[in-house]
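Chemist: The structure's right below; bear with me while I get my questions together.
Protein chains in written order, with the numbering used here: chain A, 5 to 265; chain B, 35 to 290.
Here you go:
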């Protein structure tokens, strides 16, 4: 029970303290409106080039929208502790740091899910895409898995914040790479083999495939393998984040570089 | 002459300062290169391999705009964090003239993006750099950079009035890319976006650079870009003077 409280309540408190975008203006501007313009940009570019139809871009970019708060949130969950001078206090806690940090992913994942749903809804309304109603529950579940997977990916990047000073560069570049490598905007067949291989190991890729199956009305059976693959990728990043956090914590204590900015 | 020297020295100082920042350099170099790669694969997938130069130039322009948007939008705040805002405002020159070199520097730093995307395209994807007007391209890019730098002053002075300017900064990146026709031709956008595009210096700057790269009358577009940007400069200078006086009177210059 205490562990769940640590993960749940601790995660929410950390979210309120560390997430830079909690003010309404920042939340709406950066997280809700921004991804819609991104979706429109690629939808119009795709239309002009004739690469794929609107559904491809609306669904793909809606899934990708979940990554924004998760990747930056995961980074903030660790890097902002250092910036605010509270990292030492967290690491001095007698509770499991793995539980503390993994719990922080949940609010960001919830946030990512909200952004993905909002982007999908507004994008569909603006560009006139009709979703099969029967697909909506599975689509919601797919977006939830994608958000969770992205949250753990973000925490993995955040763990680098214990070791490297300028972790924001890593976050910015990672968000740009997700745009390219996940097949959200360029059909996977149009990318070289090595990019597809890297994309397979990233969050969003499989969730976007699953969401496209569902939006096309192909049913849960067609989407299930991709959803399972996305969950596996997410689990992989959760384990990697936990390992890196332990490793870099020990390293930063040894090198006395915990609060180095 | 003294004025030009001051702007020149200020530009050099701030460009050097921005060029020392690993975050600025990574953002100006790596992110546009990723976007250029994305554009190249999109244009290839769309069966438009002949337009790869357009894609590389477009991605470079997107990088210039990002640099101006985030750099100029946060110019005042950055000086405040560095503790140098009071010294800038105490200088015996109009505040706008002190901030203009900063916003110009963000545009100059943005040209790293253009260089990076063109080199990346040439070396990795064999994009032929066959500019329709090579000399005009060398004029159009700095002209566009100058125009966006002046536009940046208006952003800097407007954003300093808003407590949540960052929200607007994050939101304005894609719309300006879209409406200015940097990568997506304006002809595919809804008609109501036309008047918005027409009053933005980014539209005309991007058009001038594209015309220099793939053909078209460069000078009219460049002229309109610089004329609108000059208007932005005047508006930005007036705004900056107002903001500075208000901040001094309210003793809030150093407060975030």
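Even for Gly, the Cβ is constructed at its ideal location relative to N, Cα and C. Keep in mind that this is a model prediction, so the values were computed, not measured.
Grab me the residues of residue 244/A's own chain with a C-beta within less than 7 angstroms of its C-beta, minus the 5 sequence neighbours each way, in chain order.
Modeler: Within the same chain, residue 244/A has close Cβ partners 160.
Chemist: Could you check what DSSP says for residue 165/B in three-state terms: helix, strand or coil?
Modeler: coil
Chemist: Any idea if residue 5/A is buried or exposed, counting beta-carbon neighbours within 10 angstroms, 16 or more meaning buried?
Modeler: exposed
Chemist: Thinking residue 213/B and residue 181/A are a contact (beta carbons under 8 angstroms), I'd like their distance in whole angstroms, please.
Modeler: Contact flag wrong, Cβ pair sits at about 26 angstroms.
Chemist: Which runs of the alpha helix (DSSP H) fall wholly inside the region 146–212 of chain B and span at least 4 residues, in chain order?
Modeler: 168–193
Chemist: Quick test of your reading: residue 175/A and residue 211/A, contact by CB under 8 angstroms. State the CB separation rounded to the nearest angstrom.
Modeler: Incorrect: roughly 20 angstroms between the Cβ atoms, too far for contact.
Chemist: If you measure from the beta carbon of residue 137/A to each beta carbon in chain B, is any gap under 8 angstroms?
Modeler: no
Chemist: In or out: residue 101/B buried (at least 16 other Cβ within 10 Å) or exposed?
Modeler: buried
Chemist: Would you mind sorting residue 184/B into buried or exposed? The rule is 16 or more other CB atoms within 10 Å of its CB.
Modeler: buried
Chemist: What's the gap between the Cα of residue 101/A and the Cα of residue 93/A?
Modeler: 11 angstroms
Chemist: Measure the Cβ-Cβ separation of residue 127/A and residue 220/A and say whether it is below 8 angstroms.
Modeler: For residue 127/A and residue 220/A, no; Cβs fall outside 8 angstroms.
Chemist: Report buried or exposed for residue 7/A, applying the criterion of at least 16 other Cβ atoms within 10 angstroms of its Cβ.
Modeler: exposed
Chemist: How big is the Cα-Cα spacing for residue 4/A and residue 47/A?
Modeler: The requested residue 4/A does not occur in the structure, where chain A is confined to residues 5 to 265.
Chemist: Going by beta carbon distance, what residues of the same chain come within less than 6 angstroms of residue 171/A, once the five residues before and after it are set aside?
Modeler: Scanning its chain for C-beta atoms nearer than 6 angstroms, with the 5 sequence neighbours on each side dropped, one finds around residue 171/A the residues 79, 83, 164 and 165, in chain order.
Chemist: What number of angstroms, rounded off, separates the C-alpha of residue 190/B from the C-alpha of residue 130/A?
Modeler: Each residue's Cα considered, the two are about 32 angstroms apart.
Chemist: Measuring straight from C-alpha to C-alpha, what distance separates residue 118/B and residue 188/A?
Modeler: 43 angstroms
Chemist: For residue 329/B, which residues of its own chain have a beta-carbon under 7 angstroms away from its beta-carbon, when the five flanking residues on both sides are left out?
Modeler: What is shown of chain B runs 35 to 290, which leaves residue 329/B out entirely.
Chemist: Counting only beta-carbon atoms, is residue 211/B nearer than 8 angstroms to chain A?
Modeler: yes
Chemist: For chain A, is any of its Cβ atoms less than 8 angstroms away from the one on residue 75/B?
Modeler: Yes, contact with chain A.
Chemist: Which chain A residues are close to residue 61/B, counting only those with a beta carbon under 7 angstroms from its beta carbon?
Modeler: 176
Chemist: Listed in chain order, which residues of the region 45–72 of chain B have Cβ atoms closer than 8 angstroms to some Cβ of chain A?
Modeler: 56, 57, 60, 61, 64, 65, 68, 69, 71 and 72
Chemist: Going along the chain, which residues of the region 212–227 of chain A sit with their C-beta nearer than 8 angstroms to a C-beta in chain B?
Modeler: none
Chemist: Should the region 159–171 of chain B be regarded as contacting the region 71–90 of chain B, the criterion being three or more beta carbon pairs within less than 8 angstroms?
Modeler: yes
Chemist: Which word fits residue 148/B, buried or exposed, when buried means at least 16 other C-beta atoms lie within 10 angstroms of its C-beta?
Modeler: Buried: at least 16 other Cβ atoms inside 10 Å.
Chemist: Taking beta-carbon pairs under 7 angstroms, can you tell me which members of the region 179–197 of chain A lie near chain B?
Modeler: 180, 181, 183, 184, 189, 190, 191, 194 and 195
Chemist: Consider the Cβ of residue 158/B: report whether some Cβ of chain A lies at a distance smaller than 8 angstroms.
Modeler: no
Chemist: For residue 54/B, which of 139/B, 40/B, 99/B and 266/B has the nearest alpha-carbon?
Modeler: 139/B
Chemist: Can you have a look at residue 116/B and say buried or exposed, based on whether 16 or more other CB atoms are within 10 angstroms of its CB?
Modeler: Exposed, because fewer than 16 other Cβ atoms sit within 10 Å of the Cβ of residue 116/B.
Chemist: What span of residues does the alpha helix (DSSP H) with residue 101/B cover, start to end?
Modeler: 86–107 is the extent of the alpha helix (DSSP H) around residue 101/B.
Chemist: Give the straight-line distance between the Cα atoms of residue 249/B and residue 266/B, rounded to the nearest whole angstrom.
Modeler: 28 angstroms
Chemist: Ordered along the chain, which non-local residues of its own chain (more than five positions away) have a Cβ less than 6 angstroms from that of residue 238/A?
Modeler: Here the set comprises 152, 153 and 156.
Chemist: Check whether the region 122–133 of chain B and the region 67–83 of chain B are in contact - that is, three or more C-beta pairs closer than 8 angstroms.
Modeler: As far as the Cβ criterion goes, the region 122–133 of chain B does not touch the region 67–83 of chain B, which means the pair count is below three.
Chemist: So which residues on chain B does residue 38/A lean against when the C-beta distance must stay under 8 angstroms?
Modeler: 204, 205, 207 and 208
Chemist: Compile a chain-ordered list of the residues in the region 88–100 of chain B whose CB is closer than 9 angstroms to at least one CB of chain A.
Modeler: none
Chemist: What residues from chain A crowd round residue 80/B, counting only those whose CB sits closer than 7 angstroms?
Modeler: What residue 80/B touches in chain A: 53, 54 and 55.
Chemist: Can the beta-carbon of residue 45/B be found less than 8 angstroms from the beta-carbon of residue 142/B?
Modeler: yes
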